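Residue numbers (the working numbering): 3 to 447.
Take a look at the structure below.
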């Protein structure tokens, strides 16, 4: 790391003890930024990095609710409004037992750069709760969401902070959250949340956008090597919304997706994952991959283990942070891996990224590769603001334009700074410079 940034990094880490994921995200960005400060000493003089690493606002609140047996339950809610230099805070809500302040801050910090890369006028933020919706009834989820929004509503708005979904927050949760916001505020402010249902202000392509966008970005990387998804053997981690839509898009481009996973294990389907059956099992029945394997001939199910034990030429990690470590990366490289596109946020450890880069594997970091979700959320906000609704084809075309633009911006920035093909450096510098310029222009904020 550049010596000028080392002391800033040490201060940031010391001020945020025990937040391992946030530390990891900060260090990864700092390692790219030395060349920027050679060209732009004004960023150091104005303490842009110090300000960028300190959220503009951090909100932590109690969420009391009652379960179906009448017992009172208590969870903790978070919203970290990180940076609004480019627009209102924008980022998802995650409901999962692992959520704590360090997770939310890492996600919000990554969101600053991701949102900047889209070229849309949106800042960075993130939120969530340690509530686990899995296994809860619809009534319990509704009561939790209503209690969560009863506190959160005072901090959000279409020109202030616009949450969306993330792990554990899908269409059901967004519906309950929006209903409570509308009830409390007495306003049909459709732009306050994204990921809404199509019939009440949502956007076509939004459910598909993160998975589709990841594949589009990875396809652009493959093109730089004179190839494409056609004929590739693909492994995807996860089997939620992002993973399912990444599988669908990759297979429409001619790939065979041979494996995907959930928290219990993974399936290997040599003929290619049956997306319709996967959707039925995971999204309609809320079942497990074991159920998928039992209903499809020729499929093997592995209880536990790692989906990265399956050979692949393209890997799409779409589950959660730090799921793919250095050992798994080395095994994938030995199997003939060509490219990695991160559909999740920071799913590859620092060791894994180093292995991929040293082996010459194309590597698309999450802040670039999975930006399609937030980009289409911004398109949803645009439709809400104009009281309009776009066709699937038009919206997908806009998504494709944005993802190709992100790829080209990352590639051009890496070239400009003397590291062709380094998409990590390109994404970090490309996003940082855009935000830093805006912060300088707006004074000491």
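Glycine included, C-beta positions come from ideal geometry on N, C-alpha and C.
Predicted model only: the values in this text are computed from it and were never measured.
| Item | Value |
| --- | --- |
| Using C-beta distances below 6 Å, list every residue in its chain close to residue 108, excluding the 5 sequence neighbours before and after it, in chain order. | 23, 24, 27 |
| Assign residue 192 to buried or exposed, taking buried as 16 or more other Cβ atoms, counted over all protein chains shown, within 10 Å of its Cβ. | buried |
| Given a cut-off of 7 Å, decide if residue 277 and residue 312 are closer than it, judged by their beta-carbon atoms. | no |
| Can you tell me whether DSSP reads residue 207 as helix, strand or coil? | coil |
| Flag residue 139 as yes if its beta-carbon sits less than 7 Å from any beta-carbon of chain B, otherwise no. | Included in the structure is just one protein chain, with no chain B present. |
| Check residue 337 in the structure and name its three-state DSSP category. | coil |
| Could you tell me the alpha carbon to alpha carbon distance between residue 212 and residue 92, rounded to whole angstroms? | 15 Å |
| In whole angstroms, give me the CA-to-CA distance for residue 238 and residue 263. | 7 Å |
| For the candidate residues 146, 394, 234, 7, whose alpha-carbon lies nearest to that of residue 74? | 146 |
| Using 7 Å as the threshold, is the C-beta distance between residue 126 and residue 95 below it? | no |
| Quick one: what does DSSP say residue 77 is sitting in, helix, strand or coil? | strand |
| Label residue 275 either buried or exposed according to how many other C-beta atoms from any shown protein chain fall within 10 Å of its C-beta, with 16 as the threshold for buried. | buried |
| Alpha carbon to alpha carbon, how far is residue 243 from residue 281? | 9 Å |
| Let me make sure I understand the geometry here. Which of 326, 63, 65 has the alpha-carbon closest to that of residue 344? | 326 |
| So the beta strand (DSSP E) residue 364 belongs to, where does it begin and stop? | 364-366 |
| Would residue 268 and residue 257 qualify as a contact pair, given that the criterion is a beta-carbon distance under 7 Å? | no |
| Between residue 59 and residue 30, is the Cβ-Cβ spacing less than 7 Å? | no |
| Looking at the structure shown, is residue 326 part of a helix, part of a strand, or coil, going by DSSP? | strand |
| How would you write the range of the beta strand (DSSP E) that residue 304 sits in, first residue to last? | 302-305 |
| Across which residues does DSSP place residue 314 in a beta bridge pair? | Residue 314 is not bridged to any residue. |
| Just to confirm the assignment, what range does the beta strand (DSSP E) spanning residue 96 have? | 91-97 |
| Ends of the alpha helix (DSSP H) at residue 24? | 22-32 |
| Contact between the region 213-224 and the region 397-412 is defined here as three or more beta-carbon pairs at a separation below 8 Å; is this criterion met? | yes |
| Using three-state DSSP, classify residue 158 as helix, strand or coil. | coil |
| Grab me the residues of residue 154's own chain with a C-beta within less than 7 Å of its C-beta, minus the 5 sequence neighbours each way, in chain order. | 79, 81 |
| Below 8 Å CB to CB, which residues in the same chain sit around residue 45 once its five sequence neighbours on both sides are set aside? | 38, 39, 51, 438, 442 |
| Is residue 59 helix, strand or coil when you go by DSSP? | strand |
| Check residue 37 in the structure and name its three-state DSSP category. | helix |
| To the nearest angstrom, how far is it from the Cα of residue 328 to the Cα of residue 350? | 8 Å |
| To the nearest angstrom, report how far apart residue 85 and residue 176 are at their CA atoms. | 23 Å |
| Confirm, please, whether the CB-CB distance from residue 319 to residue 346 is below 7 Å. | yes |
| Just list the residues that DSSP pairs residue 298 with in beta bridges. | BP columns for residue 298 are empty, so no partner. |
| Counting pairs of beta carbons, one from the region 160-177 and one from the region 354-371, are three or more of them closer than 8 Å? | no |
| Give the DSSP bridge partners of residue 83, in chain order. | 59, 127 |
| Considering only the alpha carbon of each residue, which of 380, 290, 122, 143 lies closest to residue 207? | 380 |
| Within its chain, find whatever has a CB closer than 7 Å to the CB of residue 233; leave out the 5 residues flanking it on each side and keep chain order. | 256 |
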